[in-house]
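Residue numbers for the sequence shown, in my numbering: 428 to 789.
Yeah, the Cβ is synthetic: ideal placement off N, Cα and C, and Gly gets one too.
None of the values given here were measured: they were computed from a predicted structure.
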Amino acid sequence: MKYGRTFNFSAGPAMMPEEVLEEIAAEVMNYRGSGMSVMEMSHRSKVYQEIIDQAEADLRSLMGIPENYKVLFIQGGGTVQFAMVAMNLLKDGVACYVETGAWSKKAIAEAKKFGDVKVVASSKDENFSYVPDCSDLDIPENCDYVYICENETINGTTFNKLPNAKGKVLISDQSSMFLSRPCNVSDYGLIWAGVQKNVGPAGMSVVIIREDLLNDNLAPTTPVYLDYKTHADSGSMYNTPNCWAIYCCGKVFAYLLKNGGLSAMEQRNIEKAAILYDYLDASKLFTATVRKEDRSLMNVPFVTPSAEQDADVVKATKTAGFDNLKGHKSVGGLRASIYNAMPKEGVEALVAFLKQYEAEHC
Ligand SMILES: *Cc1c(COP(=O)(O)O)cnc(C)c1O
Numbered sequence: 428m429k430y431g432r433t434f435n436f437s438a439g440p441a442m443m444p445e446e447v448l449e450e451i452a453a454e455v456m457n458y459r460g461s462g463m464s465v466m467e468m469s470h471r472s473k474v475y476q477e478i479i480d481q482a483e484a485d486l487r488s489l490m491g492i493p494e495n496y497k498v499l500f501i502q503g504g505g506t507v508q509f510a511m512v513a514m515n516l517l518k519d520g521v522a523c524y525v526e527t528g529a530w531s532k533k534a535i536a537e538a539k540k541f542g543d544v545k546v547v548a549s550s551k552d553e554n555f556s557y558v559p560d561c562s563d564l565d566i567p568e569n570c571d572y573v574y575i576c577e578n579e580t581i582n583g584t585t586f587n588k589l590p591n592a593k594g595k596v597l598i599s600d601q602s603s604m605f606l607s608r609p610c611n612v613s614d615y616g617l618i619w620a621g622v623q624k625n626v627g628p629a630g631m632s633v634v635i636i637r638e639d640l641l642n643d644n645l646a647p648t649t650p651v652y653l654d655y656k657t658h659a660d661s662g663s664m665y666n667t668p669n670c671w672a673i674y675c676c677g678k679v680f681a682y683l684l685k686n687g688g689l690s691a692m693e694q695r696n697i698e699k700a701a702i703l704y705d706y707l708d709a710s711k712l713f714t715a716t717v718r719k720e721d722r723s724l725m726n727v728p729f730v731t732p733s734a735e736q737d738a739d740v741v742k743a744t745k746t747a748g749f750d751n752l753k754g755h756k757s758v759g760g761l762r763a764s765i766y767n768a769m770p771k772e773g774v775e776a777l778v779a780f781l782k783q784y785e786a787e788h789c
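Written out as C-alpha cells, the structure is:
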C-alpha cells in the first residue's frame with residue numbers, strides 16, 4: 428500500500444479512507460488560508476463554525492435525518508453514552524435491554540446505577556454467537572426505552588431486523604456499524620455512535636436524538652455536560668468541543684456522500700464480508716463463530732481448533748504485514764474488522780494469506 432501503510436484490521440481506532448487522510452495532511456499547516464491548523468483554531472471562529480455546520484449538514488443528508496432530530500457531537504467516547512442514555516431517559520419506569528455481548532453488558536451495568544433495568548432477551552446461553560428473537564419481547568407498560576447494541580464489535584453479531592419495541596422508544600448503540608448501511612432514523616428515538624470505529628479519530632460520539640426526548644426534569648445533581656439538552660441548546664458548543672474529531676468526521680461524511688452514500692457502502696461491505704465468510708465456511712482449519720443470519724459485515728471473529736494455533740496464526744499474520752487480527756481478550760481467537768475504509772484488496776489479501784496458511788498446516 429501507499430506510504431508503507433498496512434492493512435489494519437483493528438476494531439478501533441481503525442482505518443480511515445486514504446483520500447481523507449491525504450486531504451487532512453494537505454490542510455494541517457494552514458487550513459484554507461486561515462493561517463492556522465484546525466487544531467489551533469478557536470471553536471468560536473467563523474471558519475470553525477463553517478466546519479461543524481457542514482459536518483452536520485453532510486451527516487443529515489447521508490442518513491436522511493428528519494428535522495425533528497438533533498445531531499450532537501459529544502466528547503468522551505462511547506462509554507459516556509452508557510451513562511448519559513440512562514441519566515437522561517430512564518425516568519420512573521424500567522429500561523429494557525437486549526443483551527447480545529460485551530458492549531450491551533456494559534450498557535446494562537451502567538444503567539442499573541440509575542434505575543430499574545430489565546433484560547428482555549439475551550444470547551448469553553450460546554456465548555453471544557447469535558441475535559435473540561426480538562419479535563415479541565415482554566415489555567412492561569412502564570418501559571422508558573428499549574436498548575440494543577446493533578452491532579456487537581467483540582462478538583461479531585448484528586441486528587438485521589430491529590426489535591419490535593411495541594411502541595416504546597428504541598435506542599441503539601451503532602458505534603461499530605455507523606454509516607455502514609442505510610438507516611431509517613425515524614425507527615429510533617436515539618442513535619449514538621462512538622466515531623473511532625467506522626468514522627474518525629477517538630474521543631467523541633455522534634448522538635442523534637428525537638427532540639421530544641430532550642428532558643427538562645433531570646435530577647438537579649446531573650452534571651451539565653451529561654445533559655443532552657446542554658448540547659442540543661448550544662449546537663454542540665456549550666464548551667470547547669472535540670474540534671479535531673468533528674473536522675475529521677466531516678471529511679469522512681463528505682467522502683461518503685461523494686462515493687455513493689450509504690447504499691453504495693452497504694453494497695461494498697456485503698461484497699467484502701462475503702469474500703471472508705465464504706472462505707471461512709469452506710475452510711477445514713478456520714470456523715466463523717457467529718450464526719449465519721446474524722453475522723456482522725464489520726467485525727468477523729473466527730477460530731482454529733485450538734488457542735495455540737490461534738496464537739500461531741496471529742503471529743504469522745503480523746509477519747506477513749497485516750495488523751490487529753487478534754481476537755478481543757474476552758473471547759480469544761481471531762477477529763478481522765473490515766469497516767468502510769478497509770479496501771476490498773485488504774480482505775482479498777487476508778484471505779489469500781489464510782488459504783496459504785491452511786495449505787501449509789493441514
Ligand atoms: C468501542 C465501543 C464502545 C465504547 O467506546 P469507547 O469510545 O471506547 O468508550 C461502545 N459500544 C460499541 C459497540 C463499541 O464498539
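Handout entry: residue 572 - partner residues in DSSP beta bridges
Key = 522
Handout entry: residue 459 (DSSP reduced to helix, strand or coil)
Key = Three-state DSSP puts residue 459 in a helix.
Handout entry: Runs of beta strand (DSSP E) wholly within the segment 730–773 (minimum 3 residues, chain order)
Key = 761–764
Problem - Rounded separation between residue 540 and residue 686 - CA only - result: 43 angstroms
Problem - beta strand (DSSP E) runs wholly inside the segment 623–687, at least 3 long, in chain order - result: 631–637
Exercise for the section: To the nearest angstrom, report how far apart residue 565 and residue 519 are at their CA atoms. Expected result: 18 angstroms
Exercise for the section: Reducing DSSP to helix, strand and coil, say where residue 592 ends up. Expected result: coil
Exercise for the section: Evaluate the contact criterion for the segment 627–635 versus the segment 703–718: three or more CB pairs, one atom per stretch, below 8 angstroms. Expected result: no
Handout entry: Reduced DSSP category for residue 722 - H, G, I as helix; E, B as strand; rest coil
Key = Of the three classes helix, strand and coil, the one that applies to residue 722 here is strand, per DSSP.
Exercise for the section: Taking residue 735 as the reference, give the member of 761, 641, 727 and 718 with the closest Cα. Expected result: 761
Exercise for the section: Using beta-carbon positions only, say whether residue 757 and residue 581 come within less than 8 angstroms of one another. Expected result: yes
Practice task
Measure how close the beta-carbons of residue 516 and residue 600 come, nearest whole angstrom, since I'm counting them as under 8 angstroms.
Solution key: About 13 angstroms; that fails the 8 angstroms criterion.
Problem - Within 8 angstroms, strictly: CB atoms of residue 784 and residue 743 - result: A contact, by the Cβ cut-off of 8 angstroms.
Problem - Per DSSP, cross-strand counterpart(s) of residue 705 - result: Beta-bridge pairing links residue 705 to no other residue.
Exercise for the section: Please work out which residues of its chain come closer than 8 angstroms, Cβ to Cβ, to residue 433, disregarding the five sequence neighbours upstream and downstream, and give them in chain order. Expected result: 748, 749 and 750
Problem - Candidates 558, 527 and 569: closest to residue 588 by CA position - result: 558
Exercise for the section: Confirm the yes/no value for this check: CB of residue 699, any heavy atom of ligand 1, distance under 7 angstroms. Expected result: no
Problem - residue 606 beta carbon less than 8 angstroms from that of residue 468 - result: no
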